[in-house]
Structure formats: C-alpha cells, structure tokens
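*Asks:*
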Amino acid sequence: VDWCFVNHPQLGKLYGFIFILSYSRYLFAHLFPRSSFEFFIEGHLMAFSALGGIPYGIRYDNLATVVLKRRPEIQHNPRFLEFSRHYNLEIRLCNPGAGNEKGRVERAIRSLRETFFNTMEKYSSLKALNHAIHEWVDHKNHITHRATEKRPADMLQDEKLRALPERPWKNVLIHPPVKTTKTAMMIFDTNTYSVPEYLVGKSLSIHSTPDTIMIYDGAKQVASHPRSFDRRTQFINP
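Numbering (the working numbering), first residue to last: 2 to 239.
Structural data, given as structure tokens:
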C-alpha cells in the first residue's frame, strides 16, 4: 500500500490510495481529497470490499499513519494498530530508504502517472475522476501482466485471502473537545459548522468520517453536516 499525490488543474491536490496484491498483481486505486487517517482507513476498507477478502499482511513504507518512530524500537500509530488487530493484519514495514521493497506498488503508480493522470483534466469532478480511475484499474486487472504472463483478475482466485469479518470497522475519527465560537460554530479544517445556539462556549467533540462531520456533547449528537473540502466556508443547519 502507498499514497501518490497528483495536482488536478481544477480540483487541486489529490491523494491516490494505491493497493496491489503481490502475487496476482491485482490492483485497487481511489483518489481522495485528503490523506489523513480516516481516508487512509477508508482506502483499506474499499480495497477489501473490491477484493472480497483480506490479506494476511500488508507492506508499508514509513507512513506516519502506520508507524510513529522506528528507533530505539518500532512504535506503531496506536489507531492504526487497533485497526490492524480488528482485521488480524500483519504490518510489514519497509526498511528506511529501501524503496525497492515496495517496487510493485511503485510500478503501479508509475503506470498510473504515464497512462491515466496525464489525461485527468478531462474530468471536472472527483466523482467523475474516480469513476474513470476505477475503469482504468478494471481494464488493467483484465489484461495480461508482463511479469506473470497471466491476467491479475484470473490469478486473484488463487490468492489466499481471508473472509471479511461480520462486524466491519467503524471508520470514525474522534477529535479532542474544543469550545464553540461566540456565534455557535465549530471550526474544522478551516471551515465552520453550526451547532444549536444554547451550546455557545461549550466544549464539544467532532467525529469525522470521509463524508460527514458529526458534533457531540458528551455522548449526545447535537449536529451533523456533510463534510466540505472547501476552505474558510461557513455551513449553517437551520
């Protein structure tokens, strides 16, 4: 698994989550507006769903979402460690500076840059762009791979994947409580989201998903908004 970063002429900087199975070379890719923790997790969940199963282990570069430090001993990101335990995933880290250890995902990213990202200006929305990248990936999975001389979609049947658990991971990131503004707004990612006026000055916590902002007063949800990736925009729910 790895990220790649692209600049779209209309949409700005986008973050590509790239997932490839080492044996079959079966590929999954999706573009997100952010690369923060909940989007990293969402990429995994989407990939597991597309594969119809879970691998035993995944190799990562030294991403802060996975590992906080390596010396004197490895310290994993505790939130990602909790996620990996839920799915019983072995976290396999590349050695520092050893990019060759994730050469297969690097080659997939290079292929995307050379044959897809150089035409992405044709798509004016993130939804249309992801629809196109999924079509590109599906085509890639159904043509003969130069190394295996087989189609990844055919070899996927031989992958030793485990079944998806009955209880999927709940992809919600809980942020520490902060006080509302004097105008009953909560600030998140430079945007402001409204809460009921009686909560002015109270400390509330934001629970974020890739597409929703939920605001809680303790255990009680007091507001919910579609998540925006604009900047410095105000959202008021009457």
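Note that CB positions come from ideal geometry on N, CA and C, so glycine has one too.
Since we're looking at a predicted model, the values are computed, not measured.
1) When the Cα of alanine 129 is compared with those of Val2, His9, Trp4, Asp3, which residue comes out closest?
2) Let me confirm a value: leucine 241 is counted as buried when at least 16 other C-beta atoms fall within 10 Å, else exposed. Which label applies?
3) What do you reckon, are the CB atoms on threonine 193 and threonine 149 nearer than 9 Å?
4) Starting from aspartate 3, trace the beta strand (DSSP E) both ways and give me its first and last residue.
5) On the DSSP bridge assignment, give the partners of valine 68 in chain order.
6) Is there contact here, the region 195 to 205 with the region 219 to 233, by at least three beta-carbon pairs under 8 Å?
7) Could you tell me which of Trp137, Ile175, Ala164 sits nearest to phenylalanine 49, measuring between CA atoms?
8) What does lysine 221 pair with, by DSSP beta-bridge criteria?
9) Assign phenylalanine 33 to one of three DSSP states: helix, strand, or coil.
10) Are the CB atoms of glutamate 39 and proline 169 nearer to each other than 9 Å?
11) Does the region 63 to 83 come into contact with the region 99 to 109, if we say contact requires no fewer than three beta-carbon pairs (one atom in each stretch) closer than 8 Å?
*Replies:* Straight from the coordinates:
1) As a first step, residue 129 must be located in the sequence shown, where it is residue number 128. Looking at the Cα atoms, His9 is the closest of the given residues.
2) The question about residue 241 has no answer, for the chain in this structure spans 2 to 239.
3) As a working note, residue 193 is residue 192 in the sequence shown. As a working note, residue 149 is residue 148 in the sequence shown. Not a contact, by the Cβ cut-off of 9 Å.
4) Position 2 of the sequence shown, counting from 1, holds the residue named residue 3. Counting along the chain, the beta strand (DSSP E) containing aspartate 3 begins and ends at 3 to 9.
5) The count along the sequence shown starts at 1 and reaches residue 68 at position 67. In the DSSP output, where bridge partners are listed per residue, valine 68 has His77.
6) yes
7) Here residue 49 refers to the residue found at position 48 when the sequence shown is read from its first residue. The residue with the shortest Cα to Cα distance from phenylalanine 49 is Ala164.
8) Taking the sequence shown and counting its residues from 1, one reaches residue 221 at position 220. Beta-bridge pairing links lysine 221 to Asp218.
9) Against the sequence shown, residue 33 aligns to sequence position 32. Phenylalanine 33 falls in the strand class under three-state DSSP.
10) In the sequence shown, the residue the question calls residue 39 occupies position 38. In the sequence shown, the residue the question calls residue 169 occupies position 168. Not closer than 9 Å, so no.
11) no
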